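Trainee: In our numbering, the protein residues as written are 90 to 510.
Glycine residues also receive a C-beta, built at the ideal position from the N, C-alpha and C atoms.
Predicted model only: the values in this text are computed from it and were never measured.
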Amino acid sequence: MGQTPNRHLLTPSFLLKLLFVGKSSKGVLVTRPLTKWQGFQTSIFSQMTQKAMKAGAVNLAQGFPDFDGPDEIKDAAIAAIKSGLNQYAPATGLLELRQLLARRQSARMDMAIDADTEVTVFSGATEALYCATQALLEPGDELIAFEPYYDSYPAGVHGAGAKLVGVPLDPPEFAFDPKVLAKAITPRTRAIIVNTPHNPTGRVFGQAELEVIRELAIKHDLWVITDEVYEELVYTPSRHIHMATMPGMAERTITISSTAKTFSMTGWKVGYAFAKPAVMAALRAVHQFTVFCSATPLQAGMIAALKLGPSYFTELNQDYRAKRDDLVKILKTAGFNCRVPEGTYFALADYSPLFNGKDTDFADQLTNDIKVACIPISGFYNDKVAAAEKLTYVRFAFCKGKDTLAAAAKNLQRVKEISGR
Numbered sequence: 090m091g092q093t094p095n096r097h098l099l100t101p102s103f104l105l106k107l108l109f110v111g112k113s114s115k116g117v118l119v120t121r122p123l124t125k126w127q128g129f130q131t132s133i134f135s136q137m138t139q140k141a142m143k144a145g146a147v148n149l150a151q152g153f154p155d156f157d158g159p160d161e162i163k164d165a166a167i168a169a170i171k172s173g174l175n176q177y178a179p180a181t182g183l184l185e186l187r188q189l190l191a192r193r194q195s196a197r198m199d200m201a202i203d204a205d206t207e208v209t210v211f212s213g214a215t216e217a218l219y220c221a222t223q224a225l226l227e228p229g230d231e232l233i234a235f236e237p238y239y240d241s242y243p244a245g246v247h248g249a250g251a252k253l254v255g256v257p258l259d260p261p262e263f264a265f266d267p268k269v270l271a272k273a274i275t276p277r278t279r280a281i282i283v284n285t286p287h288n289p290t291g292r293v294f295g296q297a298e299l300e301v302i303r304e305l306a307i308k309h310d311l312w313v314i315t316d317e318v319y320e321e322l323v324y325t326p327s328r329h330i331h332m333a334t335m336p337g338m339a340e341r342t343i344t345i346s347s348t349a350k351t352f353s354m355t356g357w358k359v360g361y362a363f364a365k366p367a368v369m370a371a372l373r374a375v376h377q378f379t380v381f382c383s384a385t386p387l388q389a390g391m392i393a394a395l396k397l398g399p400s401y402f403t404e405l406n407q408d409y410r411a412k413r414d415d416l417v418k419i420l421k422t423a424g425f426n427c428r429v430p431e432g433t434y435f436a437l438a439d440y441s442p443l444f445n446g447k448d449t450d451f452a453d454q455l456t457n458d459i460k461v462a463c464i465p466i467s468g469f470y471n472d473k474v475a476a477a478e479k480l481t482y483v484r485f486a487f488c489k490g491k492d493t494l495a496a497a498a499k500n501l502q503r504v505k506e507i508s509g510r
């Protein structure tokens, strides 16, 4: 009583340390290390954007538009804020938004989707993917994903105590071998993630590929999680096929998409999922104890977005197709080998004609010396070190305005200055 405690006992670092100490068998205090997530560092997307900002480079790395979506969407969100729509939305999402999503998806998939039990609004497709892995997987389970893959997949699988098994998409066409996929399935396999249109390759899976996945999913009684966030960015003659519409797949498929890419509002994080009631209930159980609900006024903005006429979606696709063609031409002129992406707003470029070395080294030099930032494809692999040694691809984003692409084209004229040839 009356004594002043040592000041160091009140510092945040000391108090934090107290949370992770315990006694060993000999009674000596020991610190418990925080190891569960130590393998998950800052994403390659954030890393390259930070490097681009530091170098003053044109950022074709992280996949966000440098322009906004239609004013009608922003105006609707602002009006919602001013009118008092600032409290919790229902955990499942605003009813009108779910009804619009169900109506649109029912028409696209030619099947009835119930807005009350088969649609949920999430804080982005990434949250929906995380909730799906937590709902479906148990410790010791395995999930198959096509490699390279979006970097949130392994985090969700890890959080569930499960294991991600990569099945390669083989360059230069980035197609999978059906025999390799079949061999990857074990008694522990619980689900397959199918991302089409595919990030980062720009592939759109065709009917034959999806049929292979369908047959294996039914044969081995597997769930299929489809990541379809780029579904509006598919360029003819390619065609997007919803896995859930294939025979026997509606009951075992979770379809996930997002408003971010379609309406150029990536920072709003309004995603959604469709699934049959029983599995949707499991996703909702996870969702309500993570974020509970997505931002109410931003959901109101997306209600306005879904009311835009068909011409909006047609013009969006045409605009991105033109940007795609422009970027592919820019990259080929600079000396890259570049396959024309069938979907998404990304293009993979093979830099082997220009540089000898790892993709991470090439990406850093391109950012620092040429002032154009890209993403090394090794960031999309389980074994990033092996991928960096083996592969010679980097990803460029073309979700940018004309001035940005023109600046990138000008800078890339000097790319041979860093040639290792």
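If you follow the alpha helix (DSSP H) that Ser400 is part of, which residue opens it and which one closes it?
Mentor: Residue numbering aside, residue 400 sits at position 311 when the sequence shown is read from its first letter. Per DSSP, Ser400 belongs to the alpha helix (DSSP H) from 399-423.
Trainee: Could you give the DSSP three-state label for Cys220: helix, strand or coil?
Mentor: Start at 1 with the first residue of the sequence shown, and residue 220 comes out as number 131. Reduced to three states, the DSSP call for Cys220 is helix.
Trainee: I'd like to know if the segment 388-402 and the segment 159-172 are in contact, where contact means that at least 3 CB-CB pairs between them fall below 8 Å.
Mentor: Enough Cβ pairs lie closer than 8 Å, so yes.
Trainee: In angstroms with no decimal places, state the Cα-to-Cα distance between Leu494 and Ile466.
Mentor: As a position in the sequence shown, residue 494 is number 405, starting the count at 1. As a position in the sequence shown, residue 466 is number 377, starting the count at 1. Cα-Cα distance, rounded: 21 Å.
Trainee: Need the endpoints of the beta strand (DSSP E) that Ile345 sits in, please.
Mentor: The residue given as residue 345 occupies position 256 in the sequence shown. First-last of the beta strand (DSSP E) with Ile345: 342-347.
Trainee: Does DSSP put Pro465 in a helix, a strand or coil?
Mentor: Your numbering for residue 465 matches position 376 in the sequence shown. Three-state result, Pro465: strand.
Trainee: Assuming the contact rule is C-beta atoms closer than 8 Å, Cys220 and His376 should be a hit. Round their C-beta distance to whole Å, please.
Mentor: The residue labelled residue 220 in the question sits at position 131 within the sequence shown. The residue labelled residue 376 in the question sits at position 287 within the sequence shown. Cys220 to His376, Cβ: 5 Å. Contact.
Trainee: Would Leu253 pass as a contact of Arg279 if the rule is Cβ separation under 9 Å?
Mentor: For the purposes of this step, residue 253 is identified with residue 164 of the sequence shown, where counting begins at 1. For the purposes of this step, residue 279 is identified with residue 190 of the sequence shown, where counting begins at 1. No, Cβ-Cβ distance for Leu253 and Arg279 is not below 9 Å.
Trainee: Run through the DSSP bridge pairs and tell me what Val483 is partnered with.
Mentor: One-based indexing of the sequence shown puts residue 483 at position 394. Note: Val483 sits in a beta bridge opposite Ala438, Pro465.
Trainee: Using C-beta distances below 7 Å, list every residue in its chain close to Lys421, excluding the 5 sequence neighbours before and after it, in chain order.
Mentor: Taking the sequence shown and counting its residues from 1, the one referred to as residue 421 is at position 332. Within the same chain, Lys421 has close Cβ partners Cys427.
Trainee: Taking 8 Å as the cut-off, does the segment 195-212 touch the segment 167-182 (at least 3 CB pairs, one atom from each stretch)?
Mentor: They touch, by the three-pair rule.
Trainee: Buried or exposed for Ala237, going by 16 or more other Cβ atoms inside 10 Å?
Mentor: If you number the sequence shown from 1, residue 237 lands on position 148. A quick correction: the sequence has Pro, not Ala, at residue 237. Its Cβ being crowded by 16 or more others within 10 Å, Pro237 is buried.
Trainee: Let's see if you can read the secondary structure: which residues bound the alpha helix (DSSP H) around Ala452?
Mentor: Taking the first residue of the sequence shown as 1, we reach residue 452 at position 363. 448-454 is the extent of the alpha helix (DSSP H) around Ala452.
Trainee: My understanding is that Leu225 touches Leu395, with C-beta atoms under 8 Å, so please give their C-beta distance in whole angstroms.
Mentor: In the sequence shown, residue 225 corresponds to position 136, counting from 1. In the sequence shown, residue 395 corresponds to position 306, counting from 1. Leu225 to Leu395, Cβ: 28 Å. No contact.
Trainee: From what residue to what residue does the alpha helix (DSSP H) around Ile307 run?
Mentor: Start at 1 with the first residue of the sequence shown, and residue 307 comes out as number 218. First-last of the alpha helix (DSSP H) with Ile307: 296-308.
Trainee: Expressed to the nearest angstrom, what Euclidean distance is found between the alpha-carbon atoms of Val504 and Phe265?
Mentor: For this step, residue 504 is matched to residue 415 along the sequence shown. For this step, residue 265 is matched to residue 176 along the sequence shown. Roughly 32 Å between the two C-alpha positions.
Trainee: Go through its chain and collect everything with a Cβ distance to Thr131's Cβ below 6 Å, but skip five positions before and after it.
Mentor: As a working note, residue 131 is residue 42 in the sequence shown. Closer than 6 Å at Cβ, skipping near neighbours: no residue.
Trainee: Give a yes or no on whether the C-beta atoms belonging to Ala477 and Leu372 are separated by under 9 Å.
Mentor: As a working note, residue 477 is residue 388 in the sequence shown. As a working note, residue 372 is residue 283 in the sequence shown. Not in contact: Ala477 and Leu372 (Cβ atoms no closer than 9 Å).
Trainee: Helix, strand or coil: how does DSSP classify Lys252 here?
Mentor: Counting from one through the sequence shown, the residue named residue 252 turns up at place 163. In the structure shown, Lys252 sits in a strand (DSSP, three-state: E or B).
Trainee: Between which residues of its own chain and Arg197 is the CB-CB distance below 8 Å, once the five residues before and five after are set aside?
Mentor: Your numbering for residue 197 matches position 108 in the sequence shown. Only His331 meet the Cβ criterion.
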